[in-house]
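Participant: Each residue of the sequence shown is one higher than the one before, starting from 985 at the first, in the numbering used here. The C-beta atom is built at its ideal place from N, Cα and C for all residues, glycine as well. Here the structure is a predicted model, which means the values were calculated and not measured. The structure follows.
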Amino acid sequence: MYNKLQYISQGNSVQEQLHNIHKALDNGCHWIQVRFKNQNALEVCTLAEAVKMLCKEYLATFIINDNVHLAQQLDADGVHLGLSDMKVEEAQILLGKTKIIGGTANTFEDVLQRTAENCDYIGLGPFQFTTTKQNLSPILGLEGYRSIIKQMKIKNIQIPIYAIGGITLENIQDLMETGIHGIAVSGLITQSENPALIINQLNEKLYGTI
């Protein structure tokens, strides 16, 4: 099964991105999603090529946000698609059945759509307000996750759900108790002065929850 902790990369330059990704990998994060918005294609490709090599070195999963063609070009482990990005079916045709395709969702209707599309996992959120992403969808909060997971159980939908959006260490136990598979974080790791400690604490909480 997939790692319970995903790091979504941050940084305004290739150098910043690589510094933050290396920090995450170096301190025990084994799933990297490269997210480098509003940059030129050459810089995005340069970053992704470097991250692929890093992930190979650290035996980490290498996912590219949005860009299916780049994921195909670099033979990434997979791609994460927003609701307005390329359709999952098209991505599956381009990448093949062995690649991981994740999808964003905000509502139970989105989850149904993603399940019908045969996504491999769903990034469901946002949990609470975050400055990491622009044009934020409606906040879910704990009750939102409880409601959606409950409806999934009724429909016997078993796709892995990752909570995303403004998650802190204090939120994780309550979130895991809703029935999610894991979490995707960005600023929590990027801004940490002690990434080894925070990643260790995150993994303890994620894997220690029964």
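1) Any contact of the segment 1029-1044 with the segment 1064-1072, i.e. 3+ C-beta pairs under 8 angstroms?
2) Give the range of the beta strand (DSSP E) segment to which Gln-1185 is assigned.
3) For Ile-1138, count neighbouring Cβ atoms within 10 angstroms of its own Cβ and tell me buried if that reaches 16, exposed if not.
4) The beta strand (DSSP E) that contains Leu-1065, what's its start and end?
5) Using a 10 Å radius around the Cβ and a threshold of 16 neighbouring Cβ atoms, would you call Ala-1044 buried or exposed?
6) Helix, strand or coil, according to DSSP, for Gly-1171 in the structure here?
7) Mind pulling the alpha helix (DSSP H) runs of 4 or more residues that sit fully within the segment 1060-1142?
8) Using only alpha-carbon positions, find the residue among Ile-1084, Gln-999, Ala-1075 that is nearest to Ile-1143.
9) State the DSSP-derived secondary structure class of Gln-994, mapped to helix, strand or coil.
10) Shortest alpha-carbon distance to Phe-1113 belongs to which of Cys-1029, Val-1095, Gly-1150?
11) What is the DSSP secondary structure of Tyr-1042, reduced to helix, strand or coil?
12) Just the C-alpha distance for Val-1072 and Gly-1080, rounded to the nearest angstrom, thanks.
13) Here's a check: name, in chain order, each residue in its chain whose Cβ is nearer than 8 angstroms to the Cβ of Glu-1177, leaving out the five neighbours to either side.
14) Can you list, in chain order, the residues of its chain whose CB lies under 7 angstroms from that of Thr-1099, leaving out five sequence neighbours each side?
15) Please classify Ile-1194: is it buried, with 16 or more other beta-carbons within 10 angstroms of its beta-carbon, or exposed?
16) Would you kindly work out how many angstroms separate the C-alpha atoms of Ala-1025 and Ala-1060, rounded to a whole number?
17) Is Tyr-1191 buried or exposed, if buried means 16 or more other CB atoms sit within 10 Å of its CB?
18) With 16 as the cutoff for other CB atoms within 10 Å, does Asp-1050 come out buried or exposed?
19) Is the distance from the Cβ of Ser-1170 to the Cβ of Gln-994 below 7 angstroms?
Facilitator: Judging by the given coordinates:
1) Touching, no.
2) In this chain, Gln-1185 is not harboured by any beta strand (DSSP E); it is covered by the alpha helix (DSSP H) spanning 1179-1192.
3) When all chains shown are included, Ile-1138 counts as exposed.
4) Run containing Leu-1065: 1062-1065, per the beta strand (DSSP E) assignment.
5) Burial call: buried.
6) Of the three classes helix, strand and coil, the one that applies to Gly-1171 here is helix, per DSSP.
7) Restricted to the segment 1060-1142, the alpha helix (DSSP H) segments that are unbroken, complete and at least 4 residues in length are 1072-1079, 1092-1100, 1125-1138, listed in chain order.
8) Ranking Ile-1084, Gln-999, Ala-1075 by Cα distance to Ile-1143 puts Ile-1084 first.
9) Of the three classes helix, strand and coil, the one that applies to Gln-994 here is coil, per DSSP.
10) Nearest option by C-alpha distance: Gly-1150.
11) Looking at Tyr-1042 - three-state DSSP - the assignment turns out to be helix.
12) Rounded to whole angstroms, Val-1072 to Gly-1080 spans 11 angstroms at the Cα level.
13) For Glu-1177, where only same-chain residues beyond five positions count, there are no Cβ hits under 8 angstroms.
14) Within its own chain, the residues whose Cβ lies closer than 7 angstroms to the Cβ of Thr-1099, once the five positions on either side in sequence are excluded, are Ile-1141, Ile-1143, listed in chain order.
15) Note that Ile-1194 has pLDDT 41, beneath the 50 cutoff, so the model's placement of it is unreliable and the number below is only indicative. So Ile-1194 ends up on the exposed side.
16) About 16 angstroms.
17) Exposed, since its Cβ has fewer than 16 Cβ neighbours within 10 Å.
18) By the neighbour-count rule (16 or more Cβ atoms within 10 Å), Asp-1050 is buried.
19) Contact flag set, yes.
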